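Final position of the sequence shown in the numbering used here is 351; the numbers increase by one with none missing.
Structure, as structure tokens:
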Amino acid sequence: MKTLRRLALFATVCLAAPFLTSSPAAAADRDFCGKTVSGVILDKYIAMGDVSSPLKCPVTDEMTTPDGRGRYTHFQGGSVYWSAATGAHPVWGAVRDKWQAMGWETSALGYPKSDELKNADGKGVRQEFEGGTVYWSAPTGAHPVWGKIGATWGEYGWESSAFGYPASDERDGTGSWTDVDNGQVHTYRQVTQKFASGATLFWIPGGATEGCDGECTGYEVEAPGSLVKQVRVNLPTDSDKFVLMVFPTDAGFRGGIDKAVDGWQEVWTNTPNPLRLDTADEAESLREQYACHAAYASQESDGSWNTGNSWDLESDRPSVSWTYATDALFVAVHKCNWT
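Here is the structure:
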């Protein structure tokens with residue numbers, strides 16, 4: 013099932029397909045409720061139970077889609093769309109409403125390539141399209157998932173993951189980061205999507221901070237504690253490593269090494285474990301890096317912090333021991349950037 017969903021997310025709309033104005037001959041045309049249903053759409057309609065199905069009566073005859081690639085018939089309970097590449101599939105309810113709002117088959121989703129499917133958790137449904145998949149649950153509504161964000165979500169387990177169902181469509185925007193050496197502010201493109209857990213998954217084409225100077229995906233969560241306010245996991249596409257960005261509160265910056273253990277626990281309160289976290293040594297290194305930043309952080313004369321507004325913990329750094337990571341003599345030399 014996971015493979016089928018992955019294919020649905022990565023498929024692209026084939027704009028170069030030959031224009032077809034009618035579905036292939038199948039069952040003979042039949043009239044229902046004063047309208048004619050034809051071809052493969054008729055086959056699908058009959059297979060579903062025709063007027064006794066959720067589609068009920070047709071309200072149009074078979075029509076050619078505006079893009080010329082397919083055919084459709086509208087019914088009281090939904091629509092059936094056909095194209096040579098995808099076959100005939102019904103679309104209804106909230107999924108149909110979302111698809112319609114996006115522009116039907118001319119949208120980035122393209123044509124439906126599956127019927128509506130019930131999810132294994134029993135809490136929602138999904139429908140696969142040429143360009144992605146629309147997921148629906150009662151608390152979140154219907155939202156399309158596709159591309160790099162969809163792939164990352166899939167790696168973590170789709171709707172059964174810690175992220176849960178998508179709670180928004182993708183949003184194309186910008187992010188920014190400040191160079192601690194010269195104070196220069198850099199902006200970058202960032203595509204984001206909210207999920208039911210409150211987490212935001214993102215895709216960045218490059219130009220961002222640690223781990224996202226090239227293309228990356230990842231996720232960020234709000235931390236509920238008094239020492240950490242946000243955690244961001246950057247997953248570079250050209251590496252199997254990751255960067256854990258921790259955004260302390262003012263109390264977190266001021267807490268020093270005495271609050272390092274409590275702060276580290278807050279980091280993981282809402283943060284799903286990165287799948288790339290492979291070894292105990294990597295996990296210990298991240299903990300040591302966090303403690304080092306807690307010990308090293310100090311406030312500058314302008315009110316900023318010498319560590320920047322985030323503590324960037326890199327999974328490719330080795331574990332070095334708590335003493336080496338936090339002792340003032342060693343910290344003054346490596347400044348939490350040991351190799």
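Note that CB positions come from ideal geometry on N, CA and C, so glycine has one too.
Model, not experiment: these values are computed from the prediction.
- Secondary structure of GLU232 (DSSP, three-state): strand.
- Within the model, the alpha-carbon separation for PHE259 versus TYR84 is close to 51 Å.
- Sequence-distant partners of SER209 (beyond 5 residues in either direction) whose C-beta falls short of 7 Å from its own C-beta, in its chain, are ALA174, PHE175, GLY176.
- Judged by pairs of C-beta atoms under 8 Å, the region 185 to 204 does not touch the region 123 to 132, as fewer than three such pairs exist.
- When MET75, ASP109, GLY143 are compared, the shortest CA-CA separation from ALA120 is found for GLY143.
- Beta-bridge analysis with DSSP links GLY320 to no other residue.
- When C-alpha distances from ARG108 are compared across ARG201, GLY80, LEU67, the shortest belongs to LEU67.
- Nearest in C-alpha terms to ALA96, of all of TRP104, THR77, GLN88, is THR77.
- Assigned with DSSP and collapsed to three states, ALA154 falls in strand.
- Taking the C-beta atoms as reference points, VAL157 is found no nearer than 7 Å to ASP184.
- When C-alpha distances from PRO248 are compared across VAL240, VAL273, ALA220, the shortest belongs to ALA220.
- For ALA100, the uninterrupted beta strand (DSSP E) run begins and ends at 99 to 103, by DSSP.
- Going by DSSP, TYR336 is part of the alpha helix (DSSP H) stretching over 334 to 338.
- In the structure shown, GLU140 adopts extended strand secondary structure according to DSSP, grouped into three states.
- Between the alpha carbons of ASN246 and TRP170 lies a distance of about 19 Å.
- Residue pairing by DSSP places MET257 opposite ARG244, ASP324 in a beta bridge.
- When secondary structure is reduced to three states using DSSP, SER297 falls in the helix class.
- The C-beta of GLN139 has 16 or more other C-beta atoms within 10 Å across all chains shown, which makes the residue buried.
- Apart from sequence neighbours up to five positions away, the residues of its chain that approach LYS56 with a beta-carbon distance below 6 Å are VAL92, ALA100, ordered along the chain.
- By the Cβ test, the region 297 to 308 is in contact with the region 334 to 344, since at least three Cβ pairs between them sit closer than 8 Å.
- Within the same chain, and ignoring the five residues on either side of GLU278 in sequence, the residues whose Cβ sits closer than 7 Å to its Cβ are ALA235, GLY237, LEU239, VAL240.
- The beta carbons of ARG299 and SER327 sit about 12 Å from each other, so the pair does not count as a contact at 8 Å.
- At a Cβ-Cβ threshold of 7 Å, SER172 and GLN205 do not count as neighbours.
- The residue among LYS135, VAL49, ILE161 with its C-alpha nearest the C-alpha of THR145 is ILE161.
- Of the residues THR118, TRP94, ALA106, THR152, the one whose Cα lies closest to the Cα of SER126 is TRP94.
- Around the beta carbon of PRO330, a 10 Å sphere encloses fewer than 16 other beta carbons of the protein chains shown; the residue is thus reported as exposed.
- Of the candidates GLU167, TRP350, ARG201, ALA211, the residue whose Cα lies closest to the Cα of GLY226 is ARG201.
- For VAL52, the secondary structure class from DSSP, reduced to helix, strand or coil, is helix.
- GLN277 carries a helical assignment under DSSP once its states are collapsed to helix, strand and coil.
- For MET75, the pairing in a beta bridge is given by DSSP as TYR84.
- A distance of 7 Å or more separates the beta carbons of VAL345 and THR283.
- GLY237 sits in coil when the DSSP states are folded into three classes, being neither helix nor strand.
- Of the residues PHE207, GLY122, ALA309, the one whose Cα lies closest to the Cα of GLY153 is PHE207.
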